[in-house]
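Residue 2 is where the sequence shown starts when you use this note's numbering, and the numbers rise one by one after that. What follows is a single structure, written as structure tokens, with notes after it.
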Amino acid sequence: MENVLSIAGFDPSGGAGLLADIKTIEAHKVRGFGVCTALTFQNESELEGVDWVEIDKVEKQISVLARQHQFPVIKIGLIQFKDMEKLISIINKFQPEAKIIWDPIIKASAGFDFQNDISPKAIFEICKSVFLFTPNWKEMELLSEGQSAIDATEMLSLACKVYLKGGHNPENKGLDYLMEEGKLTEFPAKKMDVPEKHGSGCILSSAIASNLANGIDLEDACRNAKAYTLNYLESDEGLLGWHKNQI
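Following this line, the structure appears as structure tokens:
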């Protein structure tokens, strides 16, 4: 059994962050591990605040796990942007062979702003050390510096592979894109009228990580992850869903 490490925030509702990541990872028959970067005060529909975990404490969590376990894939979720460069260096120190998936968390679905110090140029440089970057449409627009989300995706793909989540795609809702080495692959939505869920972006990126850990190539990993996320969206009418084993 392979391992995946999630480095992310703690959401008490279990719909997003570490808890959602671990549920998703283990539904794919991969062993999930978690490092906490933040304590959030939220339920599935509202978020009141966040307490950040200092980066040296994040490093201590990683170093202890790395003494015992290897992680072929590491997913990064909620992290202060100012700590991102340091976090990459920590991962390279303890798990230099790991594929890094970065799912940037800029704003919560409840409207809370996590980040106020976004630098598109800095993100481009960080992405040079990342295997896959998985922003949603609105996040990519914030990072686009006036470009379209698709043009910004193409630009960032010069640094790493990019999976653009299309849940907020204004022209074709649910149409996702994978850009790698100049090749654009589309992943259309199989269904349009599905209930929205808290944390669906976390779940999709964790599902990609799990598929990669299981030895599946990136394009199929993304396709499988999108199908897993759809099953999750359809699993309940509310903002929280149910995870079902995939293997």
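Heads up, the beta-carbon is just placed ideally off N, CA and C, and yes, glycines get one too. A quick note: this is a predicted structure, and the numbers were derived from the prediction, not measured.
Environment of leucine 6 [buried if 16+ CB atoms lie within 10 Å]: Against the sequence shown, residue 6 aligns to sequence position 5. Buried, since its Cβ has 16 or more Cβ neighbours within 10 Å.
Proximity below 8 Å, CB of asparagine 212 to CB of glycine 168: Counted from its first residue, the sequence shown places residue 212 at position 211. Counted from its first residue, the sequence shown places residue 168 at position 167. No, the Cβ-Cβ distance between asparagine 212 and glycine 168 is not below 8 Å.
Uninterrupted beta strand (DSSP E) stretches inside the segment 87 to 149 (no shorter than 3 residues): 100 to 103
Cβ-Cβ distance between isoleucine 75 and isoleucine 8 below 8 Å: Counting from 1 along the sequence shown, the entry for residue 75 is found at position 74. Counting from 1 along the sequence shown, the entry for residue 8 is found at position 7. A contact, by the Cβ cut-off of 8 Å.
Close Cβ partners of glutamine 81 (< 6 Å) along its chain, the five nearest in sequence each way excluded: In the sequence shown, residue 81 corresponds to position 80, counting from 1. If we look at glutamine 81 and ignore the five residues flanking it on each side, its Cβ neighbours are Trp53.
Separation of lysine 191 from aspartate 12, as counted between CA atoms: For the purposes of this step, residue 12 is taken as the residue at position 11 of the sequence shown. For the purposes of this step, residue 191 is taken as the residue at position 190 of the sequence shown. Computed Cα separation, rounded: 29 Å.
Span of the beta strand (DSSP E) around alanine 222: The residue given as residue 222 occupies position 221 in the sequence shown. First-last for alanine 222: 219 to 234, but that is the alpha helix (DSSP H), not the beta strand (DSSP E).
Given leucine 79 as reference, the closest of Cys37, Leu241, Asp221 and Ile26 once Cα atoms are compared: On the sequence shown, position 78 is the one that residue 79 refers to. Leucine 79 has its Cα closest to that of Cys37, out of Cys37, Leu241, Asp221 and Ile26.
Reduced DSSP category for asparagine 212 - H, G, I as helix; E, B as strand; rest coil: On the sequence shown, residue 212 is found 211 positions in, with the first residue counted as 1. Correct three-state label for asparagine 212: helix.
contact_flag[the segment 198 to 214, the segment 125 to 145] where n(CB pairs < 8 Å) is 3 or more: yes
Touching by the beta-carbon criterion (3+ pairs, under 8 Å), the segment 114 to 130 and the segment 155 to 174: yes
Nearest-angstrom Cα separation, counted from alanine 67 out to lysine 94: Here residue 94 corresponds to residue number 93 of the sequence shown, with the count starting at 1. Here residue 67 corresponds to residue number 66 of the sequence shown, with the count starting at 1. Cα to Cα, lysine 94 sits roughly 10 Å from alanine 67.
Burial state of asparagine 246, where buried means 16 or more other Cβ atoms lie within 10 Å: One-based indexing of the sequence shown puts residue 246 at position 245. With fewer than 16 Cβ atoms within 10 Å of its Cβ, asparagine 246 is classed as exposed.
Reference alanine 28; option with closest CA among Ala39, Glu49 and Met2: In the sequence shown, counting from the first residue as 1, residue 28 sits at position 27. Residue Met2 is the option with its Cα nearest to alanine 28.
When Thr230, Glu238 and Glu86 are compared against lysine 24, the one with the closest alpha-carbon: The residue labelled residue 24 in the question sits at position 23 within the sequence shown. Here the closest residue by C-alpha is Thr230.
Pairwise C-alpha distance: leucine 48 and glycine 34: Mapped onto the sequence shown, residue 34 falls at position 33. Mapped onto the sequence shown, residue 48 falls at position 47. This sequence places phenylalanine at residue 34; glycine is not what is there. Cα-Cα distance, rounded: 25 Å.
Exposed unless 16 or more other CB atoms sit within 10 angstroms - verdict on lysine 58: Numbered from 1 along the sequence shown, position 57 holds the residue referred to as residue 58. By the neighbour-count rule (16 or more Cβ atoms within 10 Å), lysine 58 is not buried but exposed.
Spatial neighbours of threonine 314 in its chain, beta-carbon cut-off 8 Å, leaving aside the 5 residues before and after: The question about residue 314 has no answer here: the residues shown for the chain are numbered 2 through 248.
Residue range of the unbroken alpha helix (DSSP H) whose run includes lysine 76: Taking the first residue of the sequence shown as position 1, residue 76 is located at position 75. Per DSSP, lysine 76 belongs to no alpha helix (DSSP H); it is in the beta strand (DSSP E), 74 to 77.
Close beta carbons around glutamate 45, own chain, < 7 Å, minus the five adjacent residues each side: Within the sequence shown, residue 45 is the residue found at index 44, counting from 1. For glutamate 45, where only same-chain residues beyond five positions count, the Cβ hits under 7 Å are Ser14, Gly16, His199, Leu240 and Leu241.
Neighbourhood of tryptophan 243 by C-beta, 8 Å cutoff - its chain only, sequence neighbours within 5 removed: Reading the sequence shown from its first residue, position 242 is the one you call residue 243. Closer than 8 Å at the Cβ level, and outside the excluded window around tryptophan 243, lie Tyr233, Ser236 and Asp237.
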